[in-house]
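Numbered according to mature numbering (1 follows the signal peptide of the UniProt record, and there is no 0), the sequence shown spans residues -29 to -1, 1 to 354. All C-beta atoms in this analysis are idealised placements derived from N, C-alpha and C, irrespective of residue type, glycine included. Worksheet for the structure shown next.
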Amino acid sequence: MNTTLHRLSALGVAALLLGGLAACSAGNAATTESKGAGDWKTAASAEAGGGTDALIAAAKKEGTLNAIALPNDWANYGEVISTFEKKYGIKVQVENPDASSADELNAVSSRKGQDRSPDVIDVGHDFDTQAAKQGLLAPYKVASFGKIPDSQKEASGLWYNDMGGYVSIGCDAGRVAKCPTTFAELNDPQYKGKVALTGNPAKSSSAYSAVVAAALANGGSFDDVQPGLDFFAKLKQNGNFNPVEATPATMEKGETPIAVVWDYRNAAYADELKAKGIDWKVSVPQDGVFSLYYSQAIVKWAPHPAAARLWQEFLYSTEGQNLWLKGYARPVLLPSMIADGTADKTSLARLPKIAQEKTAYPTEEQGKKAKALVSDGWTKAVS
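The following block contains the structure:
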């Protein structure tokens, strides 16, 4: 995740309306000592492996979870990780926090059978289905699997959506006279050299989704995202597009005073930058409303199979979902949590406001074609 492409499968309608390594070898630690316990490498649920207590015991014995591409400032992952570590005494080792989804799949496929293989992945739109087709994933159903909408998961549990948000425009109000709130405004000459993305749309889900949102804002559709490429080509031609990858560091230095990125990231940046005297404004452009989810999955040859499964159980618990919500993301279980009163009300009230929510999303085939078009055409558009 990062300025990187991470999995965002269409954000659930209800959620929107109510508003997403070096490690020691697992070796023999994959089996539990509990009565009736099975092999956690193949257990498709906690019950199938011997129960929750057995899972916790086996995961603690492994002692480590290999993760990849989880920046601390992404959807509150820093607190998610520290809470998990403290709760279970398991060290989460995050390799390459700013890696892309493509990097994640490369790491998984190239390290089959190695202790260095990631145990779990959190990937962007279409990368989950790609990983499933490549045979990289192990089916596992968390306890709350039944509450995840069918459209947000693979039926056998190979992957399921976790949290997501809307494409938004972040702006340094101290360096920009008038912060833009629509894609159309980004063409204004006053934004010369100021408009940045969070990486290459061919690899970054956040950047890719910005192109899709721009397409929707300029007469395009899920079947035709070319207008999004044309939009950024125009920004490049008129000098408004800034090729520097937007990060909190570049924002603080004033190198990227305008950043098109997920609303939960921009909202978190606003908190971080406020402490440094920077007034970072966040708005969801109403001429290009677009939202998606990322997805979780367990690697088929995870060196720490019990820890990988316990990690998923934690993420999809009320505690884990509320930690994402605290980071301004919309967790996949938010609708059911609002219904049963377990959603944190303070965090819910802090979510970036959407003036007009739209609930149409690309199909898998539309997403595949759109991603191919953007990947093939991006370099030409901004060269």
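Scanning the region 41 to 129 for uninterrupted alpha helix (DSSP H) segments of 4 residues or longer gives 48 to 59, 72 to 81 and 98 to 104, listed from N- to C-terminal end. Secondary structure note for Asp133: its beta strand (DSSP E) is the uninterrupted segment Tyr131 to Asp143.
Here Glu284 is not near Lys247, since their CB atoms are 8 Å or more apart. Look at the beta carbons and you see the region 166 to 179 not touching the region 188 to 195: under three pairs across the two are nearer than 8 Å. Here the alpha carbons of Asn237 and Ile309 stand approximately 24 Å from one another.
Ala181 is the residue among Val260, Ala181 and Gly141 whose C-alpha sits nearest the C-alpha of Phe203. Straight-line spacing of the CA atoms in Trp295 and Met134 works out to 7 Å.
Its chain contains Tyr162, Lys163 and Val166 as the residues whose beta carbon lies nearer than 6 Å to that of Asn211, once the 5 sequence neighbours on both sides are disregarded; these appear in chain order. Within the same chain, Cβ atoms closer than 7 Å to the Cβ of Lys112 are found at Ala15, Ser16 and Gly128, the five residues on either side in sequence being excluded.
Beta-bridge pairing by DSSP links Ile39 to Glu66. Note on Gln123: 16 or more other CB atoms within 10 angstroms of its CB, so buried under the neighbour-count rule. Under the DSSP definition of a beta bridge, Val232 partners with Ser139. Pairing Gly141 with Trp251 gives a Cβ-Cβ distance under 8 Å. Exposed is the label assigned to Lys351, since fewer than 16 other Cβ atoms lie within 10 Å of its Cβ. Taking the C-beta atoms as reference points, Asp194 is found nearer than 8 Å to Gln337. Comparing alpha-carbon positions, the option among Ala268, Gln257, Asp93 and Asp234 lying closest to Glu125 turns out to be Ala268. Distance from the Cα of Pro276 is smallest, within the candidate group Leu76, Ala109, Lys62 and Glu56, for Ala109. A residue is called buried once 16 or more other Cβ atoms fall within 10 Å of its Cβ, and Glu216 is buried on that count. The C-beta distance from Ala279 to Val91 rounds to 5 Å, short enough to meet the 8 Å contact threshold.
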